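Comments concern the structure below.
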Amino acid sequence: MGNGDKCVSGSVDPQAIPQRTLFTGAKMPAVGLGTFGSDHVTPAQVAGAVRGAAKAGYRHFDCASVYGNESEVGAALEEIQSGGLKREELWITSKLWNDKHGEDDVIAQCRKSLADLRLAYLDLYLVHWPFPNYHAPGCDVTARSADAKPYIHANYMKTWRKMEELVDLGLVRHIGTSNMTIPKLKLLLRDARIKPAVNEMELHPHFQQPELFKFVVENGIQPIGYSPIGSPGRPERDRTPEDTSPTEDPVIVEIAQAHGVHPAVVCIKWAVQRGQTPIPFSINNYRANLAGAASDPLTAEEMSQIAGLDRNCRLIKGQVFLWKDGQSWEDLWDVNGEITPP
Ligand SMILES: NC(=O)c1ccc[n+]([C@@H]2O[C@H](COP(=O)([O-])OP(=O)(O)OC[C@H]3O[C@@H](n4cnc5c(N)ncnc54)[C@H](OP(=O)(O)O)[C@@H]3O)[C@@H](O)[C@H]2O)c1
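Heads up: the sequence shown runs through residues 0 to 341, numbered per numbering that gives the first Met the number 0.
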């Protein structure tokens, strides 16, 4: 199947896409293209989607070294810029992978992503997970890194100091967090010299995380929402029998019919209107997702219907990052409001 073959022709005016203002005053497009191939979409296909998406009007791309495709995505980004788009018109995010939290690794790893992406700077660099625990690509749910550790704030701050140095060096414009919880963010906000500009977190109609959403917004941190469609193509390790699917929710299906769009597009419209920045992955439907953010808004009634659909259903549970036997995935997420003890 060719990339973008289900995309309606024509492009969306990037000016029609809302922008989020970060605490620095910088503007970030409120929809981005995800680039995680979920272990089954090849780097070449993802790079093809990046090329097509830029033509369709995307200016924001969510990358990460662990997605294993930054060099292919980088070639696409270079082509896009040779085609006339200026670097400053693009918003490029990358992420520090868990096995590179060491003080000597952070800057080197960021330089590696920059080299792969063929960029002089990143708009945003995230600490991908707050745990230094590795998993191999394609692993199953039982995989654990041999020296897996809990969250240790002093260690996270050592990593964060290097993230701050990346800003000082001009290699990245903003730094941010991902997969954080309120208690962890409170400590970071207390101790950071440069605060996180964004927190990337799972957000879709069945997992709205209202408390964390409110906390980040109140602290001047922009929420970026990953798996905004409910990640129908996610790896096996991220599936459990209890999982639900927002695109199959009868309320979302009915709203989609009323607007003449796929339920996935309703998820994107809702996300943008609620105030987060969704980063849907797509090789076949990316134009519809962007167009959905630029036109035909959901009504206040539809927004409130979707607000009522939250099922607290986390899909990306992160079991592979647990650090000792007998734990449950909830231990990664500080569900009692305190950082889970070691
Ligand atoms: N920070 C983190 O820890 C973290 C974790 C997970 C994900 N992410 C980021 O978030 C991005 C998105 O999350 P995700 O990939 O898990 O899931 P997602 O964006 O919720 O779902 C992607 C899936 O939805 C399908 N889809 C997209 N638009 C569609 C439409 N309009 N109609 C029908 N199907 C549609 C795609 O298929 P087609 O390709 O066929 O369109 C693909 O299978 C990732 O790529 C990654 O960049 C970050």
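Think of the CB as a built atom: it goes at the ideal place given N, C-alpha and C, for glycine as much as any other residue.
Keep in mind that this is a model prediction, so the values were computed, not measured.
- Along the length of the segment 146-188, whole beta strand (DSSP E) runs at least 3 residues long occupy 174-177, reported in chain order.
- Our two residues, G229 and E78, have alpha carbons roughly 31 Å apart in a direct line.
- In terms of side-chain proximity, the C-beta atom of H261 is found nearer than 7 Å to a non-hydrogen atom of ligand 1.
- Residue side-chain check: R172 keeps its Cβ at 7 Å or more from all non-hydrogen atoms of ligand 1.
- Exclusion of I305 from the 7 Å shell around ligand 1 follows from its C-beta lying no nearer than that to any non-hydrogen atom of the ligand.
- Residue pairing of N198 in beta bridges, as defined by DSSP: T176, P222.
- V271 is not bridged by DSSP to any residue.
- Under the Cβ criterion (8 Å, minimum of three pairs), the segment 153-165 does not count as touching the segment 199-210.
- Where S93 is concerned, the enclosing beta strand (DSSP E) starts and stops at 90-95.
- Closest option to G274, judged by alpha-carbon separation, among K54, L21, G73: L21.
- Annotation: the continuous beta strand (DSSP E) that includes Q18 extends over 18-20.
- Straight through space, the alpha carbons of L116 and E71 are spaced by roughly 8 Å.
- Not one heavy atom of ligand 1 sits closer than 7 Å to the Cβ of S70.
- F206: not part of any alpha helix (DSSP H); DSSP gives it neither H nor E.
- Around the beta carbon of H100, 16 or more other beta carbons lie within 10 angstroms, which makes this residue buried.
- For N178, the shortest C-beta to heavy atom distance toward ligand 1 is below 7 Å.
- Taking the C-beta atoms as reference points, I251 is found nearer than 8 Å to P245.
- Separation of the CB atoms of D122 and W90 is rounded to 5 Å, and the pair is thereby assigned contact status at 8 Å.
- Cα atoms of M302 and I267: separation of roughly 12 Å, rounded to the nearest angstrom.
- Taking each of K85, L84, G36, S81 in turn and checking the Cα distance to C62, the smallest one comes out for G36.
- Within 10 angstroms of the beta-carbon of G175 lie 16 or more other beta-carbons, which makes it buried.
- Taken in chain order, the complete beta strand (DSSP E) segments of 3 or more residues contained in the segment 261-307 number zero; there are none.
- Taking a 10 Å sphere around the C-beta of N335, we find fewer than 16 other C-beta atoms and assign the residue as exposed.
- Under the three-pair Cβ rule at 8 Å, the segment 314-323 counts as touching the segment 222-239.
- R233 has its CB nearer than 7 Å to a heavy atom of ligand 1.
- In the DSSP assignment, L125 falls within the beta strand (DSSP E) that extends over 123-126.
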